[in-house]
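Student:
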Amino acid sequence: MKNSNLYIYRLFIVLVSLLAGTSFASAAKSRIDFQVEVSGSGKPIILIPGLISSGEVWNETVAALPDYQTHVFTMPGFAGVPAMQNEERYLTAFKDGIVQYIENNNLTEVTLIGHSMGGFLSLWIAAEAHPALEKIIVVDALPFLAGAWNPQASSGFNEASAQQYFNSFSGMSEEDEFAGRLMMARTMTADQEKWGMLAQWAVDSDLRTEAWVVTEMMGIDLQTDVANIQVPVLVMGAYQENPQFPAYTLERMEQVYSGQYQRVSNLQLEIAENSGHFIMYDKPEWMLEKIHTFLLNQNR
176 MKNSNLYIYR LFIVLVSLLA GTSFASAAKS RIDFQVEVSG SGKPIILIPG LISSGEVWNE
236 TVAALPDYQT HVFTMPGFAG VPAMQNEERY LTAFKDGIVQ YIENNNLTEV TLIGHSMGGF
296 LSLWIAAEAH PALEKIIVVD ALPFLAGAWN PQASSGFNEA SAQQYFNSFS GMSEEDEFAG
356 RLMMARTMTA DQEKWGMLAQ WAVDSDLRTE AWVVTEMMGI DLQTDVANIQ VPVLVMGAYQ
416 ENPQFPAYTL ERMEQVYSGQ YQRVSNLQLE IAENSGHFIM YDKPEWMLEK IHTFLLNQNR
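Quick note: the sequence shown uses my numbering, first residue 176, plus one each step.
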């Protein structure tokens with residue numbers, strides 16, 4: 176337990192340091208190989224998991240979408256998928272790679288469903304107004320994560336911060352890392368059966384990819400860019416009361432989400448109360464009902 180608490184403390188310190196934001200550097204494009212599982216037939220839905228997660232996080236969601244062709248991604252470097260080499264802007268490469276996948280496979284009327292980092296990527300792609308998109312579903316993600324906690328946060332990428340994140344965890348034994356990841360998983364879902372799986376995905380992920388993606392995402396502010404989104408957007412945010420953060424009430428959470436998404440013209444915002452970050456595990460029926468209704472609504 177002592178080592179687990181040390182892990183949480185290290186993560187907290189590193190994330191706080193990232194919230195400041197620093198200078199911006201241009202992104203480099205590269206070809207990347209995703210792990211993609213395609214099943215079914217019908218309109219295409221691309222499902223993108225969050226940071227250090229496997230596409231398996233969408234298993235129950237895919238099972239509930241039999242009338243669609245689903246494309247389930249696991250990103251390079253996460254959950255055992257080989258990492259990209261010599262990359263400096265992983266998140267940008269992920270975004271460009273998903274767009275390239277859509278174009279190479281001639282997909283049209285595409286719905287993107289993304290959790291956390293995957294939700295951020297979905298917003299980013301939609302903000303570039305790609306013509307193949309039809310709808311966007313975002314599961315617990317914001318256009319500017321750093322801004323939710325630090326109103327003075329600025330955009331930009333600082334490689335030194337990414338290296339600091341990497342160094343903070345690189346010296347851990349696998350046993351200590353698993354214990355720390357397990358403790359983090361417990362804060363993200365009430366489903367005890369998922370804790371070990373989430374922790375193992377994290378341990379099986381490439382630490383450099385994780386560190387660089389976190390740093391890059393913290394430094395990208397899409398709050399203005401989302402005004403360019405031309406398709407309907409469903410956002411589902413998770414709220415769970417936490418005695419350690421008494422100021423973060425449901426009302427405050429709704430203010431943060433409404434404020435960051437205010438420039439999205441066709442927005443449906445829903446809040447999953449009493450849910451951890453993994454809404455698909457804590458409120459599965461609620462989430463699937465929202466998804467089904469949104470997909471079937473021709474006015475959205």
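Where a beta carbon is used, it is the ideal one built from N, C-alpha and C, also for glycine. If you're wondering where the values come from, they're calculated on a predicted model, not measured in any experiment.
Is the beta carbon of His-290 closer than 7 angstroms to that of Val-314?
Tutor: Residue 314 sits at position 139 when you count from the first residue of the sequence shown. Residue 290 sits at position 115 when you count from the first residue of the sequence shown. In this structure, His-290 lies closer than 7 angstroms to Val-314 by Cβ.
Student: Using 8 angstroms as the threshold, is the segment 344 to 360 in touch with the segment 322 to 331, meaning 3 or more CB pairs across them?
Tutor: no
Student: Let me make sure I understand the geometry here. Which of Leu-298, Met-428, Thr-390 and Met-393 has the alpha-carbon closest to that of Asn-417?
Tutor: Here residue 417 corresponds to residue number 242 of the sequence shown, with the count starting at 1. Measuring from the Cα of Asn-417, the nearest candidate turns out to be Met-428.
Student: Which first and last residues belong to the alpha helix (DSSP H) in which Lys-270 is found?
Tutor: Within the sequence shown, numbered from 1, the residue matching residue 270 stands at position 95. Residues 265 to 279.
Student: For Arg-356, which residues in the same chain have their Cβ closer than 7 angstroms to its Cβ, ignoring the five residues on either side in sequence?
Tutor: Start at 1 with the first residue of the sequence shown, and residue 356 comes out as number 181. Contacts found: Ala-374, Ala-377 and Val-378.
Student: Should Thr-362 be labelled buried (16 or more other beta-carbon atoms within 10 Å of its own) or exposed?
Tutor: For the purposes of this step, residue 362 is taken as residue 187 along the sequence shown, with counting starting at 1. Looking at its Cβ environment, which holds fewer than 16 other Cβ atoms inside 10 Å, Thr-362 is exposed.
Student: Quick one: give me the first and last residue of the beta strand (DSSP E) that His-246 is part of.
Tutor: Numbered from its first residue, the sequence shown carries residue 246 at position 71. Start and end: 244 to 249.
Student: Assign Glu-278 to one of two classes, buried (16 or more other C-beta atoms within 10 Å of its C-beta) or exposed (fewer than that).
Tutor: Position 103 of the sequence shown, counted from the start, is the residue given in the question as residue 278. Glu-278 is exposed by the Cβ-count criterion.
Student: Is DSSP giving Pro-459 helix, strand or coil here?
Tutor: Stepping through the sequence shown from its first residue, residue 459 is reached at position 284. It is helical.
Student: Please name the residue in Ser-214, Leu-266 and Thr-364 whose C-alpha comes closest to that of Val-389.
Tutor: Here the question's residue 389 lines up with position 214 in the sequence shown. Ranking Ser-214, Leu-266 and Thr-364 by CA distance to the CA of Val-389 puts Leu-266 first.
Student: Work out the CA separation of Leu-282 and Asp-208 for me, nearest whole Å.
Tutor: Reading the sequence shown from its first residue, position 33 is the one you call residue 208. Reading the sequence shown from its first residue, position 107 is the one you call residue 282. Near 18 angstroms, if we compare the C-alpha coordinates of Leu-282 and Asp-208.
Student: Starting from Tyr-162 and walking both ways along the alpha helix (DSSP H), at which residues does that stretch end?
Tutor: Outside the displayed span of the chain (176 to 475) sits residue 162, for which this structure offers no information.
Student: Phe-420: buried (16+ other C-beta within 10 angstroms of its C-beta) or exposed?
Tutor: On the sequence shown, position 245 is the one that residue 420 refers to. Result: exposed.
Student: Could you have a look at Gln-368 and say whether DSSP puts it in helix, strand or coil?
Tutor: If you number the sequence shown from 1, residue 368 lands on position 193. It should be pointed out that residue 368 corresponds to Glu in this sequence rather than to Gln. Glu-368 falls in the helix class under three-state DSSP.
Student: From Ser-229, Glu-368, Ala-316 and Ile-220, pick the residue whose C-alpha is nearest to that of Val-285; which is it?
Tutor: Locating residue 285 in the sequence shown gives position 110, where the first residue counts as 1. When Ser-229, Glu-368, Ala-316 and Ile-220 are compared, the shortest CA-CA separation from Val-285 is found for Ile-220.
Student: Could you give the C-beta distance for Lys-465 and Glu-445, rounded to a whole number, given that I count them as a contact under 8 angstroms?
Tutor: Working through the sequence shown from its first residue, we reach residue 465 at position 290. Working through the sequence shown from its first residue, we reach residue 445 at position 270. Between Glu-445 and Lys-465 the Cβ distance is about 6 angstroms, and since that is below 8 angstroms, they are a contact.
Student: How many Å lie between Met-250 and Gly-293 at the Cα?
Tutor: For the purposes of this step, residue 250 is identified with residue 75 of the sequence shown, where counting begins at 1. For the purposes of this step, residue 293 is identified with residue 118 of the sequence shown, where counting begins at 1. Each residue's Cα considered, the two are about 10 angstroms apart.
Student: Mind checking Gly-196: buried by the 16 CB within 10 Å criterion, or exposed?
Tutor: The residue you call residue 196 lines up with position 21 of the sequence shown. At Gly-196, the pLDDT of 38 sits below 50, so the modelled position is not reliable and the matter cannot be decided from this model.
Student: Examine the Cβ distances between the segment 234 to 254 and the segment 397 to 410 and report whether three or more of them are shorter than 8 angstroms.
Tutor: no
Student: Let me check understanding here. Comparing Cα to Cα, which of Tyr-414, Ala-447, Leu-222 and Arg-383 lies closest to Leu-298?
Tutor: On the sequence shown, residue 298 is found 123 positions in, with the first residue counted as 1. Answer by Cα proximity: Leu-222.
Student: Can you tell me the Cα-Cα spacing of Glu-309 and Ser-216, whole angstroms?
Tutor: On the sequence shown, residue 309 is found 134 positions in, with the first residue counted as 1. On the sequence shown, residue 216 is found 41 positions in, with the first residue counted as 1. Near 17 angstroms, if we compare the C-alpha coordinates of Ser-216 and Glu-309.
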